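Accompanying notes for the structure given below.
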Amino acid sequence: MAVRDAGQTASMLCVLFAISMSAFAQPTESGGQVDVFFGPEGITLDQAIEWASTSTGRPFQFNETHFRGKGRIMMTGRVSVPKSRIYELWQAIFVTQGFAMIPLGPGEGDFIQLALIDQSRELKQRSTYVQAEKLHEYRTKVGTVVMTTVPLKHVKVESVRNAVTQLMTNRAAEFSAPVPSANSLILVGFAPTVYSVYQVLMAMDQPAESTTLKFEILSLEHAVAEELQPMINELLTAQTSGGAGRGRVGGAGGSSIEEVPAPQILPDMRTNSLVVYAVERHMNEIKRLVAALDTATDGVPDNIRIYFLKNTNAPDMERTLRDLLGQTASQRSNSPVGRPGATGPTSGNARGSGVVIVADDHTNSLLIQCTKTRYQEIEHIIDELDRRRPQVLVHAVIAELSDTDMQNIAVELTAIQGGDDRYRFGGGTGFGLSQTTIAEDTSGGFLDDLVRIPFATGTGIGFTGLAAGIFERNMNVPLLVSMLKSYTKVNLLSNASVLTNDNQQSTLTVGRTLNILSSETTAAGLDRTTASDEVDANLTLSISPHISNDGHLRLDIDLSVVAFQGFGDPNNGLPPPRTSRTFNGSVTVPNGKTVIIGGLVQDNTAETVTGIPFLSDIPILGELFKSTNTSVEKTTLYLFVTPTIIDDFKQLEEISYQRKLEIQKLNGNLNLIDPNFRAAGIGDLEVDADALEDAGVLDLPSYSPVTEQGLSTPPREIEGNPLRPRSRKEEPPSVETGTVVPGARPTSKPPRPERK
479 MAVRDAGQTA
489 SMLCVLFAIS
499 MSAFAQPTES
509 GGQVDVFFGP
519 EGITLDQAIE
529 WASTSTGRPF
539 QFNETHFRGK
549 GRIMMTGRVS
559 VPKSRIYELW
569 QAIFVTQGFA
579 MIPLGPGEGD
589 FIQLALIDQS
599 RELKQRSTYV
609 QAEKLHEYRT
619 KVGTVVMTTV
629 PLKHVKVESV
639 RNAVTQLMTN
649 RAAEFSAPVP
659 SANSLILVGF
669 APTVYSVYQV
679 LMAMDQPAES
689 TTLKFEILSL
699 EHAVAEELQP
709 MINELLTAQT
719 SGGAGRGRVG
729 GAGGSSIEEV
739 PAPQILPDMR
749 TNSLVVYAVE
759 RHMNEIKRLV
769 AALDTATDGV
779 PDNIRIYFLK
789 NTNAPDMERT
799 LRDLLGQTAS
809 QRSNSPVGRP
819 GATGPTSGNA
829 RGSGVVIVAD
839 DHTNSLLIQC
849 TKTRYQEIEH
859 IIDELDRRRP
869 QVLVHAVIAE
879 LSDTDMQNIA
889 VELTAIQGGD
899 DRYRFGGGTG
909 FGLSQTTIAE
919 DTSGGFLDDL
929 VRIPFATGTG
939 IGFTGLAAGI
949 FERNMNVPLL
959 VSMLKSYTKV
969 NLLSNASVLT
979 NDNQQSTLTV
989 GRTLNILSSE
999 TTAAGLDRTT
1009 ASDEVDANLT
1019 LSISPHISND
1029 GHLRLDIDLS
1039 VVAFQGFGDP
1049 NNGLPPPRTS
1059 RTFNGSVTVP
1069 NGKTVIIGGL
1079 VQDNTAETVT
1089 GIPFLSDIPI
1099 LGELFKSTNT
1109 SVEKTTLYLF
1119 VTPTIIDDFK
1129 QLEEISYQRK
1139 LEIQKLNGNL
1149 NLIDPNFRAA
1159 GIGDLEVDAD
1169 ALEDAGVLDL
1179 PSYSPVTEQG
1189 LSTPPREIEG
1199 NPLRPRSRKE
1209 EPPSVETGTV
1219 VPGARPTSKP
1229 PRPERK
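The working numbering puts the first residue of the sequence shown at 479, with every later residue one more than the last.
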């Protein structure tokens, strides 16, 4: 009895404990959180299904036969999850027991089928399609089967298929299928597994180190390209030579091995930059090295050189080099005195960076600061530019020939009647041959007091040419005839010579200035003559020659000749008339030839007739009533130019010597021009004593009385110029004894040994 009571009591306690524990482990919801408590003894699958159905609000379908042999779900502790994630919690719990929760029904899952993962055929069919980019949202849904496609860009799908198959081991729920045409993979499986495989594929689908060379230009700010290039090449060689497999990368299929091209680095001295041709890995390494080495340094430069110019001006050469290097005047001041190759921060053109050029006028030299390599380049350019250019002597001539033929014939008549008180006739013609005045000592009327003075002008009496007339007492002139013919011939030759360098302009101006006098009366009543103005007559030659490669010259000529002709009128303050001849143009002429560059031929004929109306028109008789002035002028003008290229100073000295001789012939004082000048004479001739002796000039016989034997001996003939040395090649051939050869010694006389 006691034993039975004890057994009943124990059974009741077990039932009560189970009921109490079941009630305690039931999930509870509070504030959107679901709390599930698992006791130390765990729960059965039936309890788990009941709790899952209660917490998710969905019914569960299951096969009891699947539970055979399944033990309890051993979990302990308390789990608190948001209500939205309670479904994921039960998915994870059932997966640990080999079950999968499959939503079924017309909706999004009206009920849940609990199926064995190893035996279910609906897992793959019920998978949810998820884009690869959104797989991360399903990475915590352990029991959810998803499907996705993974396109591959850099690796072939066949090369990764085996690796993916090894990762997806659950044949019932997971599998992968390649699509070669799209180079993609279809993945089906539990969401965490598919997400992990996707991450592995993305890590594998990276571009292999390309063997395609890239081209870049790396500009330098402080370093010099030609100095930095060998340094970087040496560093890269040390890196690429160490370690096995360096310089090789996998091919597109992952199976082949391809050689990586070595990087190519070239310095560009024009822009002070590095031209790099390398693969991406090498390119990045080169950029890193350049950034580390292209830094400013402090210190005094020790590569300053001085170049002394010979034929050009230092400032001109400096400007030329700056234009070549692309520098401006402000960039020189911005260049720091530091490391060779350093440039100022405001430098806009890297071609001239690293070079500082300063011209010194006092020594006509260039101070150049740059590297040795850059200086060799600049030095070669300066050598080519600092060459002595040929000079050009230009001789310009203006030849003007002018002939003037003038003829003047004039007749003046005078007729006066009586001397009483009656009206009477009086008249005359005047063409400037005489002047009418009043003679106060004459008797008679007013007309009797008129007296004509022949050949009179306002300044006195005088005439030019032939003058004849009929005179009466008291200088009455009834008839006056004047005839004049003048012929003027002008030969004007203007010479101008100027010497200038090739491609440079030179100007020569020679002129004459006349002062224009003017008279004025001072306050004291005195007449004072002053120079009020100046009149110039200049010859100006401005020329710029340009020598071509074929020996011709292009001359830019500006020639102006203004000359006085005739005489002026000093009484009226008028200067002599001036003629002006101007030529401005560009011509191409041969060297050393005199060519014409312009000319003018002008004929002027003028006839001036001054006469008495009607009377001068009478044939023959009308000649007595008019004055005829005929003028014929002919002018011929030509411009010549003679350019001469002077390549050496010896040629210039010869031309200068000839001009000095011309001055000497004109009795000019050459000591003022050239104190060392001396005309060459016979004493300057080079006479070879051996030539005189060979010619026989020195073989003079001694004086002896004339004898019959002496008279019978014929004289030896001598030929040739004793003042011109005879070369050894002109020695006469040897002849037999007794034969006389002009200019040769007798064979009986032994030859004189040659002087050493």
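Glycine included, every Cβ here is placed at the ideal spot set by N, Cα and C. Predicted, not measured: the structure shown is a model, and the values here were computed from it.
{"Check": "Which residue wins for smallest C-alpha separation from Asp-801, given the options Asn-789, Tyr-607, Val-834?", "Outcome": "Val-834"}
{"Check": "Which residues share a DSSP beta bridge with His-873?", "Outcome": "Ser-975, Thr-1120"}
{"Check": "So which of Asn-1107, Ile-1141, Ala-1015 has the shortest CA-CA distance to Ser-964?", "Outcome": "Asn-1107"}
{"Check": "Is any heavy atom of the ligand GDP found at a distance shorter than 7 Å from the C-beta of Ser-605?", "Outcome": "Questions concerning the ligand GDP fall outside what the structure shown contains, since it holds no ligand whatsoever."}
{"Check": "Per DSSP, what kind of secondary structure is Phe-516 in: helix, strand or coil?", "Outcome": "strand"}
{"Check": "Give me the DSSP bridge partner(s) of Ile-580.", "Outcome": "Gln-591"}
{"Check": "Would you identify the three-state DSSP class for Asn-640, choosing helix, strand or coil?", "Outcome": "helix"}
{"Check": "Measuring alpha carbon to alpha carbon, tell me which of Ser-605, Ala-1084, Thr-506 ends up nearest Val-514.", "Outcome": "Thr-506"}
{"Check": "Short check: CB of Thr-798 to CB of Glu-704, under 8 Å?", "Outcome": "no"}
{"Check": "Among Thr-1072, Phe-1092, Ser-1109, whose alpha-carbon lies nearest the alpha-carbon of Asp-1081?", "Outcome": "Ser-1109"}
{"Check": "Please classify Arg-852: is it buried, with 16 or more other beta-carbons within 10 angstroms of its beta-carbon, or exposed?", "Outcome": "buried"}
{"Check": "Just grab the DSSP bridge partners of Gln-885 for me.", "Outcome": "Lys-963, Thr-1108"}
{"Check": "Since I believe Met-625 is in contact with Thr-606 (beta carbons under 8 Å), could you give me their beta-carbon distance rounded to a whole number of angstroms?", "Outcome": "7 Å"}
{"Check": "If you run the structure through DSSP and keep just helix, strand and coil, what is Asp-1011?", "Outcome": "strand"}
{"Check": "Which residues does DSSP list as the beta-bridge partners of Met-682?", "Outcome": "BP columns for Met-682 are empty, so no partner."}
{"Check": "Go through its chain and collect everything with a Cβ distance to Lys-548's Cβ below 7 Å, but skip five positions before and after it.", "Outcome": "Leu-523, Gln-575"}
{"Check": "Taking contact to mean at least 3 C-beta pairs separated by less than 8 Å, is the region 688-702 in contact with the region 767-776?", "Outcome": "yes"}
{"Check": "Between which two residues does the alpha helix (DSSP H) holding Lys-850 run?", "Outcome": "850-863"}
{"Check": "Look up Gly-1029 in the DSSP assignment and say whether it is helix, strand or coil.", "Outcome": "coil"}
{"Check": "Please report the distance separating the alpha-carbon of Asn-993 from that of Ser-1038.", "Outcome": "21 Å"}
{"Check": "Relative to the alpha-carbon of Asn-1016, which residue among Thr-1057, Ile-1035, Asp-1028 has its alpha-carbon at the smallest distance?", "Outcome": "Thr-1057"}
{"Check": "Do the region 1128-1136 and the region 872-889 touch if we need at least three Cβ pairs shorter than 8 Å?", "Outcome": "no"}
{"Check": "Could you tell me the alpha carbon to alpha carbon distance between Arg-766 and Val-753, rounded to whole angstroms?", "Outcome": "15 Å"}
{"Check": "Determine the DSSP secondary structure at His-760, reduced to helix, strand or coil.", "Outcome": "helix"}
{"Check": "My output table needs one value for Asn-789: the three-state DSSP class, helix, strand or coil.", "Outcome": "coil"}
{"Check": "Enumerate in chain order the residues of its own chain whose CB-to-CB distance from Asp-1152 is below 8 Å, with the five nearest sequence positions on each side excluded.", "Outcome": "Lys-1138"}
{"Check": "So, helix, strand or coil for Gly-822, using DSSP?", "Outcome": "In this prediction, Gly-822 scores a pLDDT of 38, lower than 50, which makes its location untrustworthy; no coordinate-derived value is stated."}
{"Check": "Give me the Cβ distance between Leu-1115 and Gly-1063, rounded to the nearest whole Å; I'm assuming they're in contact under 8 Å.", "Outcome": "With a Cβ gap of about 16 Å, Leu-1115 and Gly-1063 do not count as contacting."}
{"Check": "For a test of the three-state rule: what should DSSP assign to Lys-692, helix, strand or coil?", "Outcome": "strand"}
{"Check": "Let me check understanding here. Comparing Cα to Cα, which of Glu-712, Gln-591, Gln-569, Leu-594 lies closest to Tyr-616?", "Outcome": "Gln-569"}
{"Check": "Consult DSSP for Thr-920 and reduce its assignment to one of helix, strand or coil.", "Outcome": "Any answer about Thr-920 is weak, because its pLDDT of 45 lies below 50 and its placement is not dependable; what the coordinates show is given next. Reduced to three states, the DSSP call for Thr-920 is coil."}
{"Check": "Which residues bound the beta strand (DSSP E) around Val-628?", "Outcome": "623-629"}
{"Check": "Once DSSP output is grouped into helix, strand and coil, what is the label at Ala-570?", "Outcome": "helix"}
{"Check": "Output the boundary residues of the alpha helix (DSSP H) element that contains Phe-1127.", "Outcome": "1127-1143"}
{"Check": "When DSSP labels each residue in this structure, what does Leu-698 get in the three-state scheme?", "Outcome": "coil"}
{"Check": "So, under 8 Å CB-CB, Val-666 and Val-623 are touching, yes? Tell me the CB distance rounded to an integer number of Å.", "Outcome": "7 Å"}
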